[in-house]
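S.K.:
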Amino acid sequence: KQWYQRRVAITAGEMMPFAVVGSREDVKVGEITVRGREYPWGVVEIENEQHCDFVKLREMLIRTNMEDLREVTHRKHYELYRRGKLKQMGITDDGAHPVSLQETYEQKRAEHLEELQRIENEMRQNFVNKVREKDLELKRNEKELAAKYEGLRKENNEEKKRLDEDRKKLEDDLAAIKKKKEDLERATAEQANGQNTKSKKK
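Using our numbering, the first residue of the sequence shown is number 19, and each one after it goes up by one.
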């Protein structure tokens with residue numbers, strides 16, 4: 019197998035650079051439908067080795083070097099990905115000391131629960147503070163309303179007292195006017211009676 023891979027690699031190296039034509043369209047050539055590109059001067063079949071090196075390139079990349087690709091992916095790319103993810107989680111893996119996922123999970127879980135507890139305590143404290151502020155505001159508004167009510171009550175009592183005084187003064191004035199009217203009527207009647215008496219004596 020290694021001899022075959024080396025031979026294929028030598029053959030592929032001799033054929034480089036590859037002349038590759040790609041296409042996703044099906045073209046009809048005679049009675050056969052092939053994958054290729056159609057030009058005014060003819061059709062280029064991508065899987066025809068006489069037209070391009072697509073088949074050779076595919077053979078080299080997918081079939082011949084697939085095992086190497088898997089090994090490199092596992093040893094290099096996946097390892098880099100794994101260490102990057104562990105680093106994001108705050109875990110250092112130097113390769114010498116194996117990482118215990120159970121211990122890491124328990125540690126992260128404890129940190130997460132602690133953070134949740136801290137957030138819950140902050141939310142509870144904020145709620146208590148808001149309730150206290152609202153209670154103080156309601157008490158302040160209640161005092162302001164009580165003071166306003168007391169002021170209005172005093173103004174109403176003073177207005178009522180002033181109206182009572184004005185009413186009493188008006189009643190006194192009416193009584194005085196009535197008394198003057200009665201005195202005037204009495205004097206007029208007496209004067210009229212006196213004139214009548216004089217006329218009779220004559």
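Ideal placement from N, C-alpha and C gives every residue a C-beta, glycine not left out.
Just checking my contact of residue 55 with residue 39 at CB under 8 Å: how many whole Å lie between their CB atoms?
M.R.: Translated into positions along the sequence shown, residue 55 becomes position 37. Translated into positions along the sequence shown, residue 39 becomes position 21. With 8 Å as the limit, residue 55 and residue 39 qualify as a contact, their Cβ atoms being about 6 Å apart.
S.K.: Quick one: is residue 63 buried, meaning 16 or more other Cβ sit within 10 Å of its Cβ, or exposed?
M.R.: Taking the first residue of the sequence shown as 1, we reach residue 63 at position 45. Buried is the call here.
S.K.: Assign residue 146 to one of three DSSP states: helix, strand, or coil.
M.R.: For the purposes of this step, residue 146 is taken as the residue at position 128 of the sequence shown. It is helical.
S.K.: Can you pull the DSSP bridge partners for residue 46?
M.R.: Indexing the sequence shown from 1 puts residue 46 at position 28. DSSP output for residue 46 lists 51 as bridge partner(s).
S.K.: Need the endpoints of the beta strand (DSSP E) that residue 60 sits in, please.
M.R.: Walking along the sequence shown from the start, residue 60 turns up at place 42. Run containing residue 60: 60–63, per the beta strand (DSSP E) assignment.
S.K.: In whole angstroms, what separates the C-alpha of residue 139 from that of residue 95?
M.R.: In the sequence shown, residue 139 corresponds to position 121, counting from 1. In the sequence shown, residue 95 corresponds to position 77, counting from 1. Using only the alpha carbons, I get a separation of about 43 Å.
S.K.: For residue 173, name the three-state secondary structure that DSSP assigns.
M.R.: Indexing the sequence shown from 1 puts residue 173 at position 155. Residue state, collapsed to three classes: helix.
S.K.: Span of the alpha helix (DSSP H) holding residue 85?
M.R.: Translated into the one-based positions of the sequence shown, residue 85 becomes position 67. Segment 84–90, the alpha helix (DSSP H) holding residue 85.
S.K.: Is residue 67 helix, strand or coil when you go by DSSP?
M.R.: Locating residue 67 in the sequence shown gives position 49, where the first residue counts as 1. Residue state, collapsed to three classes: coil.
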